[in-house]
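Residue numbers (our numbering), protein chains in the order written: chain A, 16 to 276; chain B, 63 to 420.
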């Protein structure tokens, strides 16, 4: 019992310890070494951040995340359905191709993509950032959705075909409604991935497209610890919110064949 | 109009494995056919070919005068009842049943009338069927809903794929009777796939026993039970015992004992060689002395054990090193030397090629 409580305390400390310094930093107006706590608290930086160009980054990040999510779903829902239901000749190859960019270190992959994107004038543009986000987003989406569709018994579809429904009608009236919770979960995963994606955004987007993580990075590099902390806290909020939702709707079996933990 | 369903020379292969081989079968209009067999015998494959979920490699399927072999499942007017019910959990019970009717573009009033009529037929409580989801019902009730969904379309052929195997024994017994009487009442041609021989024998007009993608024997339940044409059929149906016997110079030897069986007992030409004698547990009788009438043959053995099985006792007898189980209603016998009397008309002898299945 005591051990268990200690365990929880330790876990809480490990998780929230580093975060607590973020909160402290965000309210610190003056904090010099060797003081353990800030000498002066205040909301100066909060006001500065919320009134400044960070809000633009925040909005931009959300916009990009929404677009990335929509594009991934449009592309991967049909693909995942086909992979889950039909005997596709090179199924494992297709799935592996989707994993490949994740198998290599991100930096070289993205740098090479950047070279390619220069050719098409995509560097420093929002479409460029969307594309680079899609590299990772499609992986999350395909792997989750294949499991989602596999978890729906084929007999439910056969029963509908049997009473006269066309394949397309079966998909819209039976399969899709049953897959909605899983698709929502995949959408959340992709949305969060896009919102937090940093490496690709920095390489492809800057200096014209500044998403939240890039903004945070720039602030931290400029020793504006307060601004960086506030950005970090703001970035965490949607994550926490959506993960709570995710937890409620995501069935564990959807994650079973999902490689990345 | 002739609405018999005729299956001729049907073949189906999965990659290299033969799933169905030269299936020939007629389902008379309004009849109930049970397809029985061990798992992997092709019974479900046959049913899926009839529904159109699987394309056959060769052969024809005719519903009446219509050749449906290459029709897509949507146009076959079959209705299937699945082992896992396959009800749509995101729709109300009403919408589940009305789904097919809506596709037919019937008007709302008519759909409603039909749905409620069929719910009454399958004896399902109609309160709140427009609100309640199938998952709120018990397994037996869910299978009634699935049955209603299938029957409401007045199909040409009702296909049932082990519909009762997920249910408790009590519910199963009851639904068996109900499905059978419903099928008779509506006059629907039905196929029922099962691995449960009690189910097959008790429900069907015609039983099809399959093995390794082939039909072993087709006939009325009694025909199959009392007139098995192969060792497999005799061994598969009922609590069967197999004794290895040998025919030599017109005599039949069980170890050192001889018995006298008429030629009718032999399901194949009799000659010298090894044979398998099949007798069911409930047909054999234990006694303290040989029968002494030509209707019975007797073998001397040792009673090893008597097991209580509820409806009676199961006696384990060893005859010349071979095991035999005999069923009786009481336990009057003491362990030790006994005679097993077997009615000649219930002894089936097959040549031993391949031997017993196990």
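Glycine included, every Cβ here is placed at the ideal spot set by N, Cα and C. Everything numeric in this text was worked out from a predicted model, so none of it was measured.
Hey, would you say residue i sits closer than 7 Å to residue j, going by beta carbons?
{"i": "residue 215 of chain A", "j": "residue 147 of chain A", "result": "yes"}
{"i": "residue 346 of chain B", "j": "residue 395 of chain B", "result": "no"}
{"i": "residue 247 of chain A", "j": "residue 165 of chain A", "result": "no"}
{"i": "residue 90 of chain B", "j": "residue 139 of chain B", "result": "no"}
{"i": "residue 357 of chain B", "j": "residue 389 of chain B", "result": "no"}
{"i": "residue 145 of chain A", "j": "residue 82 of chain A", "result": "yes"}
{"i": "residue 152 of chain A", "j": "residue 205 of chain A", "result": "yes"}
{"i": "residue 412 of chain B", "j": "residue 288 of chain B", "result": "no"}
{"i": "residue 342 of chain B", "j": "residue 302 of chain B", "result": "yes"}
{"i": "residue 141 of chain B", "j": "residue 87 of chain B", "result": "no"}
{"i": "residue 150 of chain A", "j": "residue 116 of chain A", "result": "yes"}
{"i": "residue 278 of chain B", "j": "residue 271 of chain B", "result": "yes"}
{"i": "residue 259 of chain B", "j": "residue 209 of chain B", "result": "no"}
{"i": "residue 138 of chain A", "j": "residue 219 of chain A", "result": "yes"}
{"i": "residue 76 of chain A", "j": "residue 210 of chain A", "result": "yes"}
{"i": "residue 143 of chain B", "j": "residue 212 of chain B", "result": "yes"}
{"i": "residue 159 of chain A", "j": "residue 201 of chain A", "result": "yes"}
{"i": "residue 176 of chain B", "j": "residue 214 of chain B", "result": "yes"}
{"i": "residue 248 of chain B", "j": "residue 237 of chain B", "result": "no"}
{"i": "residue 397 of chain B", "j": "residue 348 of chain B", "result": "no"}
{"i": "residue 103 of chain B", "j": "residue 313 of chain B", "result": "no"}
{"i": "residue 80 of chain B", "j": "residue 383 of chain B", "result": "no"}
Ignore the nearest five residues each way along the sequence and tell me which others in residue i's own chain have a CB closer than 6 Å to its CB.
{"i": "residue 192 of chain B", "result": "154 and 156"}
{"i": "residue 42 of chain A", "result": "56"}
{"i": "residue 270 of chain A", "result": "Reliability of the predicted coordinates at residue 270 of chain A is poor, the pLDDT of 49 falling under 50, and no value is obtained from them."}
{"i": "residue 328 of chain B", "result": "411"}
{"i": "residue 65 of chain B", "result": "91 and 126"}
{"i": "residue 416 of chain B", "result": "Confidence is the limiting factor: at residue 416 of chain B the pLDDT is only 49, short of 50, which leaves the residue's position unreliable and the question unanswerable from this model."}
{"i": "residue 276 of chain A", "result": "Residue placement at residue 276 of chain A is flagged as unreliable, the pLDDT there being 30, under the threshold of 50; a coordinate-derived value is accordingly withheld."}
{"i": "residue 31 of chain A", "result": "none"}
{"i": "residue 130 of chain B", "result": "123 and 138"}
Spatial neighbours of residue i within its chain, please: C-beta separation below 7 Å, excluding the five flanking residues on both sides.
{"i": "residue 255 of chain B", "result": "97, 105, 106, 109, 222, 223 and 224"}
{"i": "residue 122 of chain A", "result": "214"}
{"i": "residue 94 of chain B", "result": "242, 245, 252, 254, 265, 266 and 267"}
{"i": "residue 73 of chain B", "result": "82, 83, 84, 118, 119, 120 and 121"}
{"i": "residue 278 of chain A", "result": "Nothing can be reported for residue 278 of chain A: it is not among the residues displayed for chain A, which extend from 16 to 276."}
{"i": "residue 132 of chain B", "result": "none"}
{"i": "residue 241 of chain A", "result": "40, 41, 43 and 60"}
{"i": "residue 263 of chain B", "result": "269, 283 and 287"}
{"i": "residue 170 of chain A", "result": "none"}
How close, in whole Å, do the beta carbons of residue i and residue j come, if the pair is a contact with beta carbons under 8 Å?
{"i": "residue 399 of chain B", "j": "residue 362 of chain B", "result": "7 Å"}
{"i": "residue 88 of chain A", "j": "residue 181 of chain A", "result": "Not really, about 23 Å apart at Cβ, beyond 8 Å."}
{"i": "residue 230 of chain A", "j": "residue 69 of chain A", "result": "6 Å"}
{"i": "residue 225 of chain A", "j": "residue 72 of chain A", "result": "5 Å"}
{"i": "residue 114 of chain B", "j": "residue 134 of chain B", "result": "6 Å"}
{"i": "residue 203 of chain A", "j": "residue 257 of chain A", "result": "5 Å"}
{"i": "residue 370 of chain B", "j": "residue 377 of chain B", "result": "With a Cβ gap of about 11 Å, residue 370 of chain B and residue 377 of chain B do not count as contacting."}
Can you list, in chain order, the residues of its chain with a C-beta nearer than 8 Å to that of residue i? Leave out the 5 residues immediately preceding and following it.
{"i": "residue 25 of chain A", "result": "none"}
{"i": "residue 359 of chain B", "result": "321, 322, 323, 353, 403, 404, 406 and 409"}
{"i": "residue 261 of chain A", "result": "200, 203 and 204"}
{"i": "residue 23 of chain A", "result": "none"}
Report yes if the C-beta of residue i is less than 6 Å from at least one heavy atom of the ligand ATP; otherwise report no.
{"i": "residue 176 of chain A", "result": "No copy of the ligand ATP appears in this structure; indeed no ligand is present at all."}
Problem set entry | Touch test, the segment 188-203 of chain A against the segment 120-131 of chain A, Cβ-Cβ under 8 Å, three pairs minimum | Not touching, per the Cβ criterion.
Problem set entry | Touch test, the segment 94-109 of chain A against the segment 225-244 of chain A, Cβ-Cβ under 8 Å, three pairs minimum | The segment 94-109 of chain A, when compared against the segment 225-244 of chain A, does not touch it at the 8 Å Cβ threshold.
Exercise. Are there three or more Cβ pairs, one per stretch, closer than 8 Å when the segment 141-155 of chain B is compared with the segment 193-208 of chain B?
Worked result: The segment 141-155 of chain B is in contact with the segment 193-208 of chain B.
Exercise. Do the segment 304-314 of chain B and the segment 326-343 of chain B make contact, defined as three or more Cβ pairs closer than 8 Å?
Worked result: Two segments are said to touch when three or more pairs of C-beta atoms, one from each, lie closer than 8 Å; by this definition the segment 304-314 of chain B touches the segment 326-343 of chain B.
Exercise. Does the pairing of the segment 245-264 of chain B with the segment 84-98 of chain B give three or more beta-carbon distances under 8 Å?
Worked result: With the cut-off at 8 Å, the segment 245-264 of chain B and the segment 84-98 of chain B touch.
For this session: Would you list, in sequence order, the uninterrupted alpha helix (DSSP H) runs of no fewer than 4 residues that lie entirely inside the segment 142-202 of chain A?
Result: The segment 142-202 of chain A contains these whole alpha helix (DSSP H) runs: 169-177 and 182-185.
Exercise. Given 8 Å as the limit, is there contact between the segment 105-118 of chain A and the segment 169-188 of chain A, that is, 3 or more CB pairs closer than that?
Worked result: With the rule of 3 Cβ pairs closer than 8 Å, the segment 105-118 of chain A does not count as touching the segment 169-188 of chain A.
Problem set entry | Touching by the beta-carbon criterion (3+ pairs, under 8 Å), the segment 176-191 of chain B and the segment 111-130 of chain B | With a cut-off of 8 Å, the segment 111-130 of chain B and the segment 176-191 of chain B do not count as touching, because too few Cβ pairs lie within range.
Exercise. Hey, which unbroken runs of the beta strand (DSSP E) at 3 residues or more fall wholly within the segment 102-144 of chain B?
Worked result: Runs of the beta strand (DSSP E) inside the segment 102-144 of chain B: 120-125 and 140-143.
For this session: Write down every uninterrupted run of the alpha helix (DSSP H) in the segment 229-294 of chain B whose length is 4 residues or greater and which is fully enclosed by it, in chain order.
Result: Residue ranges of uninterrupted alpha helix (DSSP H) with 4 or more members, entirely inside the segment 229-294 of chain B and ordered along the chain, are 231-248, 259-265 and 283-288.
Exercise. At which residue ranges does the segment 36-101 of chain A contain complete alpha helix (DSSP H) runs of 4 or more residues, listed in the order of the chain?
Worked result: Within the segment 36-101 of chain A, the complete alpha helix (DSSP H) runs of at least 4 residues are 59-66 and 69-100.
Problem set entry | Runs of alpha helix (DSSP H) lying entirely within the segment 308-392 of chain B, each at least 4 residues, in chain order | Along the length of the segment 308-392 of chain B, whole alpha helix (DSSP H) runs at least 4 residues long do not occur.
Exercise. Residue ranges of each alpha helix (DSSP H) run of no fewer than 4 residues wholly in the segment 166-207 of chain B, ordered along the chain?
Worked result: Segments of the alpha helix (DSSP H) lying fully in the segment 166-207 of chain B: 170-183.
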